[in-house]
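**Q** Numbering follows our numbering, with no gaps: position 134 of the sequence shown is 135. Idealized CB from N, CA, C, for every residue including glycine. On a predicted model such as this, the values are computed, not experimentally measured, just so you know.
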Amino acid sequence: MSLFKGYIHFSLILLLAPVYSYSVEIPDYKREQNINEQIIDYVIDGDVITLNSKLEKKFNLIVNKFSNTSFSVLMLHGRGLHPVEPNVMEPIRSFLIDQKINIYSLQLPVLSKGKTYNDYYKIFDYSDDRISEAIKYIDDDKIIIIAHSCGVHMISSWLKKNQKNNIDGLVLIGSGAVDKNQNNKSSINYSKLNMPILNIYGEYDHGSVRENSFMFQHEYLRNKYSLSRNVEILGSDHDHKDNSDSLVEAVKQWLKLL
Numbered sequence: 002m003s004l005f006k007g008y009i010h011f012s013l014i015l016l017l018a019p020v021y022s023y024s025v026e027i028p029d030y031k032r033e034q035n036i037n038e039q040i041i042d043y044v045i046d047g048d049v050i051t052l053n054s055k056l057e058k059k060f061n062l063i064v065n066k067f068s069n070t071s072f073s074v075l076m077l078h079g080r081g082l083h084p085v086e087p088n089v090m091e092p093i094r095s096f097l098i099d100q101k102i103n104i105y106s107l108q109l110p111v112l113s114k115g116k117t118y119n120d121y122y123k124i125f126d127y128s129d130d131r132i133s134e135a136i137k138y139i140d141d142d143k144i145i146i147i148a149h150s151c152g153v154h155m156i157s158s159w160l161k162k163n164q165k166n167n168i169d170g171l172v173l174i175g176s177g178a179v180d181k182n183q184n185n186k187s188s189i190n191y192s193k194l195n196m197p198i199l200n201i202y203g204e205y206d207h208g209s210v211r212e213n214s215f216m217f218q219h220e221y222l223r224n225k226y227s228l229s230r231n232v233e234i235l236g237s238d239h240d241h242k243d244n245s246d247s248l249v250e251a252v253k254q255w256l257k258l259l
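(1) Could you give the residue range of the beta strand (DSSP E) that holds Glu233?
(2) What would DSSP say about Ala251, mapped onto helix, strand or coil?
(3) DSSP three-state label for Leu160, please.
(4) Taking the straight line between their C-alpha atoms, what separation do you get for Val64 and His207?
(5) Can you tell me whether DSSP reads Met196 as helix, strand or coil?
(6) How many Å lie between Leu109 and Val179 at the Cα?
(7) Got a sec, what are the start and stop residues for the beta strand (DSSP E) Tyr118 sits in?
(8) With C-beta atoms as the reference, is Lys123 less than 7 angstroms away from Glu33?
(9) So for Ile1, helix, strand or coil by DSSP?
(10) Assess contact between the stretch 89 to 99 and the stretch 128 to 137, defined as three or more Cβ pairs (one per stretch) separated by less than 8 angstroms. Is contact present?
(11) Pull up the distance between the alpha-carbon of Ser106 and that of Asn88, whole angstroms please.
(12) Measuring CA to CA, which of Asn231, Asp243, Lys143 is closest to Gln254?
(13) Is Ile144 near Ile168, with beta carbons less than 7 angstroms apart?
(14) For Ala135, does the three-state DSSP call read helix, strand or coil?
(15) What separation, rounded to the nearest whole angstrom, lies between the Cα atoms of Ser157 and Asp42?
(16) Would you list the one or two residues that DSSP bridges to Thr51?
(17) Under the criterion of a Cβ to heavy atom distance below 6 angstroms, does Ser106 qualify as lining the ligand NAP?
(18) Could you tell me which residues DSSP puts in a beta bridge with Ser106?
(19) In three-state terms, what does DSSP make of Leu43?
(20) First and last residue of the alpha helix (DSSP H) that includes Val210?
(21) Applying the 10 Å Cβ sphere with the 16-neighbour rule, what's the burial state of Tyr121?
(22) Just how far apart, CA to CA, sit Asn244 and Asp238?
(23) So what does DSSP say about Ile189, is it helix, strand or coil?
(24) With a CB to CB cut of under 7 angstroms and the five nearest residues on each side skipped, what residues in its chain are close to Tyr138?
(25) Indicate whether Ile40 and Val111 have their beta-carbon atoms separated by less than 7 angstroms.
(26) With a CB to CB cut of under 6 angstroms and the five nearest residues on each side skipped, what residues in its chain are close to Leu29?
(27) Work out the CA separation of Tyr127 and Tyr8 for me, nearest whole Å.
(28) Spatial neighbours of Lys186 within its chain, please: CB distance less than 7 angstroms, with the 5 preceding and 5 following residues excluded, ordered by chain position.
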C-alpha cells in the first residue's frame, strides 16, 4: 500500500512539474497581431517590414528612410502600445519625417491588458533581442534612441547587456515609470553612459518618473555632458496628451545641439 501511495505521490510531482516550468511570462502574440492589423492601413508614410530574432519568428519595424541624413533614429513606444500611438510616438515621428531623418519604429513585445511593470520585466529578453535585430538592420554608425515609458525600461535592459554599442544619444520620455508599490529593477546607471541624454517628464507625471528626473538632474547633469538636458513639459501628464507640440519642440531643440 505504501508503495502504491509513493507511486501516486511521484506521479503527481511529474504532472505538476510542467506548470512551474511554464510560469515564465511570454509576449501576448494574439494581442500583438490585433495591434498590427489595426495599424497596418494607418501607416501610409512608411514601409512595414518583418524581422526575426533568436526568440521570435517575426515582429514589425516601420521604416522611413531618406538619403544624406547624418544619423538614424530608433523609436521605442510605451507599454502595451504600438509604433504610431498618437500621443508621443506619432507626433515625434511626423516631425522627424518632415526633417527627412531616417526613422525606424519598432513594435515592442506586449502583454495582455492589465499587466504591470513587474510582468513586463519578465519579457525583457524578448525586447533585448528585438532591439538588437533592429539596430543590426539599421546598420548606421550614429543612432539616436527615442523611448517612452516601458520603452525606456527596455532600452535600459539592452544597454546593460550591450555596453559597447553605436548609440550616439538618448531621448528618454517618462523614464523610471513603475506601478504603485513596485520597484524599478531596470533603472539606468547614468554613470556608465558616455552619451548625451535628453530626459523629458511631465509636470503631472507619475511620482516615480518625477523622482527619476530629480536624480537625473542631481546625479548626472552635474558631472556629465553639457549637451544633456532635463526638460519638464508644463501641464503634461505621463502620456503628454494634448501637449505633443511642446514635446516635439523639446526634441527638436535638443537635436539641434548634436
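**A** Once the coordinates are examined:
(1) 230 to 234
(2) helix
(3) Look at Leu160 here: in three-state DSSP terms it is helix.
(4) Their backbone Cα atoms lie some 31 angstroms apart in a straight line.
(5) coil
(6) 18 angstroms
(7) Counting along the chain, Tyr118 falls outside any beta strand (DSSP E), though it belongs to the alpha helix (DSSP H) covering 118 to 122.
(8) no
(9) Because the chain spans 2 through 259 in this model, residue 1 falls outside it and cannot be assessed.
(10) no
(11) Those two C-alpha atoms are separated by around 15 angstroms.
(12) Asn231
(13) yes
(14) helix
(15) 31 angstroms
(16) Asn61
(17) Although the ligand NAP was asked about, the structure shown includes no ligands whatsoever.
(18) Ser106 pairs with Ile63, Met76.
(19) Reading the sequence as shown, one finds Tyr at residue 43 and not Leu. If DSSP states are grouped into helix, strand and coil, Tyr43 belongs with coil.
(20) 208 to 216
(21) buried
(22) Computed Cα separation, rounded: 9 angstroms.
(23) coil
(24) Leu52, Leu62
(25) no
(26) Reading the sequence as shown, one finds Asp at residue 29 and not Leu. Result list for Asp29: Val111, Leu112, Ser113, in chain order.
(27) For Tyr8, the predicted model reports a pLDDT of 39, less than 50, meaning its position is unreliable; a value from the coordinates is still stated below. Whole-angstrom Cα-Cα distance: 39 angstroms.
(28) Tyr122
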